[in-house]
Amino acid sequence: MIHFAVRRLASMVLVLFAVSVLVFLIFNAIPGGDPAARIAGEHASDNQIQVIRHDWGFDRSLPVQYAHTMEKLFGGRLVSYFTAVDVRREIWKGLPRTLSLALGAAMLWLVGGVALGVLTAVRAGQTTDRVLSTLAVIGVSIPGFWLAAVMSHYLGFELGIFPNAGYVPLTDDPLQWAWHLTLPWLALTILFVGVYARVLHVAILEAMHSDYVRTARAKGISERRVILRHALRNALIPVVALWSLDFGAVIGGSAILIETIFNLQGVGQYAASSLRQLDLPPIMAVSLYGAFFIVILNAVADLIHAALDPRIRHQLL
Amino acid sequence: MLLVAAAATWLLACSGDDDDGKRDRSIAIGYYAPPESLDPAMGFSLVSGAALNQVYLPLLTYRRSEDQSKGRQLIPGLAEDLPKLSGDRRTYTLKLKKGLRYSDGTPIRAGDFEHAIKRVLNMGSPAAPFYENIAGAVHYEARGKPDADIAGIETDDSTRTIAVRLARPYAAFDHLFALTVATPVPRDTPFENQTTHPPPSTGPFEITRSDPSREFVLERNPKFESLGVDGVPPPSVDRITVKIIVDKTKQAEDVLDGKLDYMYDSPPSDLLPTIEKRASDRYEEHLLTGSTNWLFMNSRLPPFDDARVRRAVNYAVDKPTLARIYAGGLQEGCSYLPPGMPGYDEKLDTTGCPFGDPRKPPDVDRARALIREAGAEGAKVTVWGFNQTPQSDITQAYTEMLNKIGLDASPKLVDFPIWRETIGNAKNRPQTGIDAFTQAFPHPLTFFETVTTDAIRPTSNKNTSNISDPVIDATVRRLEGEPDIASVTGDWQRLNRYLVERAYIVPYGHRIRGTFVSDRIDFEKCTFFHPIYLEDWSRFCLKEGEE
Amino acid sequence: MIVAAALAAPLWAHLVADTTPQETHATATVEVGGDRVPVVGRHGDPIGPTWHAHFFLGADAQGRDVMVRLLYGGRNSLLIGLVAALATVLVGVALGLIAGYAGGLLDDVISGGVNVLWAFPGILLGVALGAALKVNGLDIGPVQISGGSVVIPVLVIAIATVPYVARPVRAQALSLRHREFVFAARAAGMRPAPIMFRELLPNVAPTVIVLFPLIVGNAIQLEAALAFLGVGVQPPEPSWGTLVDEGVHRLQTAPALALVPGALIALTVLTLNLLGNGVRRALDPYARRHAYVKQT
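Protein sequence lines correspond, in order, to chains E, W and F. Here numbering that gives the first Met the number 0 is used: position 317 in the first sequence is 316, and no number is missing along the way. Here numbering that gives the first Met the number 0 is used: position 245 in the second sequence is 244, and no number is missing along the way. Here numbering that gives the first Met the number 0 is used: position 250 in the third sequence is 249, and no number is missing along the way.
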């Protein structure tokens, strides 16, 4: 187990390193602009640009620049090309917002999916199965950003039921915090809940056919207890594994779109604007942060699988 | 019963008492882009300017009048009087008022002015080039040592005098005392971008909280009235929260609903019908004097190195269409200098335009003929623009106009924050695209300096058309030394006409800015549109009962 | 399965219908027949649906015909999705087979590369590549692609999606490597390349075929997301993503502009997913896999 953990850790670090190099190369090797001129601003003189080029180290070779950037990133002195704000600080400030969004939604769709899955498993039959898989597929097919934009406009602005944008920190006003996040949470949940319900449903049904459960039934335990106690527990394992993968994907991916639409000003939105402005320092930091989450959550998912009861080894992905 | 009545009356009487300023009249303003810096030395764009103008009142300022010509006049701010100019027109002398204090209570001293200029030069502010004309400034920059001395600035804290000696006479230098970058700052302000904790203020407001990419807060400066600046009234609200909301549609919707009190910049055109219907009593349009939009044509790159092609484009651009895309946010025009600027000629902007009245449809046939004559048919052209409404639509419409006359044009849109540097970088080979300019100060030099040969640069090029015309260069150089603007207005007029006739660029109009406020604000009494400061935030006041 | 096939049919017709040579650009103040109403009003409000040949669904802010843009946009989106998916599959299968079969250092290198791409959050990678490439395009040796070309989004999407194919293929190749027929082929003196092509590929094929519709669906969604953020298909080229982007600002006045393309994306991806499920059920009725690919 330890051996496994150490190896995983090593490979994680390697992957993160590779991600950072990849990002650095993308934005330096692709010609697009002179960062020194950008920092210098509109009316800059040639003299100033030279000074800035030296100060920031743009006149050094790429590997040296890379080393400097990484050093500044971990030393907490990495500063954006544009706004002179410390990158790590910006991410730190945006993190609660992104986590509020991602975690909240992930909880909702997990709980909702499990509830739905259990319910329909209890009443197993052709129709519920069909309905669930249809719901699941529909959810996955809808473009998340479109759904979010439409909901924001109609439920937020037109009907005025929910706020159509903005974020209120949890510490300021918990009620408003949740209220402002309701629409974004809903948007994400709709996308995923169907799949989770279906996955759990299938997993429960499978578990029901296993020897373990048959033994329990033979012992005379009630059907409901069989489902809830025995089948469900084993069925949850692959669901949670899947959940950690999706959670990572949301933090690194969908969060960007949803945050932009609802102006939550979290890390995702920060990533999107830095990328479009070709602002390398935040891009490096955000990519690492995103990759970090995904890698960690992948490892968690794998760990869960590895710890699985060997009898239920079906990979539900 | 009587006691209750007495208590009630007493309470009512006291509620009208406000000399403690303890009331919390707050408004929220929306920005579509983060200010590039809230440090007065570094913030030098319209976006940051709107906030910085409320916080940093410089030695001189502009008369607070909504009238075009009155609002352009310089009046003393922190200084006692307007500067005295020496006989050789190179030295400006001012005296600081007595007993001034910053918002944190520390005294304002004459030497603080030099410190502010040092920061501008040392930190590479976008405004630095304006001050490089001060004697010893370039030498100071080159040395790179923050605490070195600038030879041309002499200050004396005890007599409160400030003397600035220029290397060469410069007609508009007195305006440079009125820019926020030249506001005195305490001498211990470090030589680093202070955008997250700006230095203490000398204006109606101070910045109390700053998270520049998300939001920042301005609060009433308790020391402002003690500065005794005649003609700049104290603010009517206590707190302004500025939120960065990139989506202008969302901003407009929030102003409609009252969630936001004012949006900086006009609401998007497609929401105008709704605004007219629901909120016409709190929306008004103003012509932006001091601003011109044009299309640049890089005369160093084909096909625009041929004057016939440039003239063809001037004939072909359909200005009424562009105005329509701006949906009322643009007044068609033909002049490079904007209305209100000395040297502006209304005739040139309308019926006297050498390429046809801009309010009428274009002469496409003539344009096509010129293109054919120049042999430029099928020439590949990239049209540069940026991703905002309506500029992305303008870029695409302009591209179509070029295609219509026989060129092979395609648009390229980048994000707004990097657009300027992208078209200013010669490596990108920017052939043509949209451009616009708003005066840094109300003198024609600010417009004409960017079209001289000296202004051409390989990066951060402001002379996007790479105009290099000896007549323009010589005239600008001569007029730089003429501080009496009234005597040379005719020269500026002629220069303006010359530029337009040579078809170096295609000016297509001047922006009209919409002021849109929420229901909470008393529109009639408290909106004030200044020709230079635009919508003055310190005039905003809440309606009775909203406080 | 039958349901899936029936739903797919209109999409192919859609593709065919796009070949009508209509201009996707029109300048703003074109007068429209009937009532001589300007296409774009004084306040920049474009006309709504006319339900006639011209401007069937109305115009957008630049006076362009929305219906025409929808059709051309659909063509772009579908083509990009298809081509990107094909590229993904080609590269993914190749990499997966090589890595799984060869093992050792080659496997480590390829897997490492694939895992790095996998670790990179999908959209983030797409936006990063898209943003970097859109301004000046790609200029490596003989390969020169301009920034506005439709090839760029195809490239970006393919790169971001390769791991979704490469990893399962590699896993299968790994397990197949030790089977008897492979030993037999090697004993018979076959070189690695033909082994992979003739022995492994047919066994891997069912997995890939099942994945393919899902990959196409994912590509279409990714294209839309990238275009929405401004780093995918570049204007004035329409695609469903750019249309949604342009339309969300106009939900107030002209909801069709955003609602229709979004719904079309959902429908298309839905059909593809159903197709994928159907194919899977047909090929392997005992597999209880529930697969989906979702990067956005």
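Here a beta-carbon is modelled for each residue, glycine too, at the ideal position from N, C-alpha and C.
Between the alpha carbons of Leu77(W) and Phe161(E), how many angstroms are there, rounded?
48 Å
Within the 8 Å Cβ cut-off, does Ile504(W) reach chain E?
no
Let me know the secondary structure DSSP gives Ile28(W) once reduced to three states.
strand
Applying a beta-carbon distance threshold of less than 8 Å, which residues of chain W neighbour Gln276(E)?
Asp414, Pro416, Ile417
Could you check the C-alpha separation between Arg312(E) and Ala234(E) for me, to the nearest Å?
Caution applies to Arg312(E), whose pLDDT of 41 falls short of 50 and renders its modelled position unreliable; the model cannot decide the point.
Could you compute how far the alpha carbon of Val308(W) sits from the alpha carbon of Ala83(E)?
42 Å
Contact with chain W by Ala83(E), beta-carbon distance below 8 Å
yes
Helix or strand or just coil, what does DSSP make of Tyr101(W)?
coil
Are there 16 or more other CB atoms within 10 angstroms of the CB of Gly95(F), so buried, or fewer, so exposed?
buried
Helix, strand or coil for Val84(E)? Go by DSSP, reduced to three states.
coil
Checking contacts by CB at 8 Å: is Leu258(F) closer than that to chain E?
yes
Could you please give the first and the last residue of the uninterrupted beta strand (DSSP E) stretch that includes Thr181(E)?
Here Thr181(E) belongs to no beta strand (DSSP E); instead the alpha helix (DSSP H) covers 173-207.
Between the Cα of Lys276(W) and the Cα atoms of Thr252(F), Leu263(F), Leu85(F), Gly277(F), which residue gives the shortest distance?
Thr252(F)
Taking only the alpha-carbon atoms, compute the straight-line gap between Gly112(E) and Ile79(F) and give it to the nearest angstrom.
33 Å
Residue range of the unbroken alpha helix (DSSP H) whose run includes Pro162(F)
150-175
Spatial neighbours of Ala101(F) within its chain, please: CB distance less than 8 Å, with the 5 preceding and 5 following residues excluded, ordered by chain position.
Pro191
Note down, one range per segment and in chain order, each alpha helix (DSSP H) of at least 4 residues found wholly within the stretch 179-247 of chain F.
179-186, 200-227, 239-247
Taking the runs of the alpha helix (DSSP H) that are 4 residues or longer, which of them lie wholly in the stretch 249-314 of chain E?
254-261, 266-275, 279-305
What would DSSP say about Val29(F), mapped onto helix, strand or coil?
Confidence at Val29(F) is low in this model, with a pLDDT of 45, below 50, so the placement of that residue is unreliable and no value is reported for it.
Am I right that Val243(F) and Pro260(F) are in contact with their C-beta atoms under 8 Å? What's the rounded C-beta distance?
5 Å
Inter-residue Cα distance where the pair is Glu258(E) and Ala101(E)
10 Å
The beta strand (DSSP E) enclosing Phe129(W), as first and last residue numbers:
No beta strand (DSSP E) holds Phe129(W); the alpha helix (DSSP H) holding it covers 127-130.
Residue of Leu273(F), Leu269(F), Gly229(F), Phe119(F) minimising C-alpha distance to Ala130(F)
Gly229(F)
Answer yes if the stretch 83-94 of chain F comes into contact with the stretch 197-217 of chain F, meaning at least three C-beta pairs across the two stretches below 8 Å, and no otherwise.
yes
Anything in chain E within Cβ reach of Arg213(W), meaning under 8 Å, just list it in chain order.
Lys92, Gln264
Name the DSSP beta bridge partners of Asn292(W), please?
Ala435(W), Gly508(W)
Could you give the distance in angstroms between the alpha-carbon of Gly20(W) and the alpha-carbon of Asp245(E)?
For Gly20(W), the predicted structure reports a pLDDT of 44, less than 50, and the residue's modelled location is therefore unreliable. A value from the coordinates is still provided. One C-alpha to the other measures close to 52 Å.
Exposed or buried, what is Thr154(W) when buried is set at 16 or more other beta-carbons lying within 10 Å of its beta-carbon?
buried
Given a cut-off of 8 Å on the beta-carbon distance, is the pair Leu174(E) and Ala104(E) in contact?
no
Distance cutoff 8 Å, beta carbons only. Does Ile133(W) sit that close to anything in chain E?
no
List, from N- to C-terminal side, the beta strand (DSSP E) runs of 3 residues or more that fit wholly inside the stretch 126-204 of chain W.
152-155, 160-164
Does any residue of chain F bring its CB to less than 8 Å from the CB of Gly155(E)?
no
Looking at chain W, which residues of the stretch 218-241 of chain F have a Cβ within less than 9 Å of any of its Cβ atoms?
Gly229, Gln233, Pro234, Pro235
Taking 8 Å as the CB-CB limit, is Asn465(W) close to chain E?
no
If you run the structure through DSSP and keep just helix, strand and coil, what is Gln390(W)?
helix
Out of curiosity, what's the CA-to-CA distance linking Ile1(E) and Val299(E)?
14 Å
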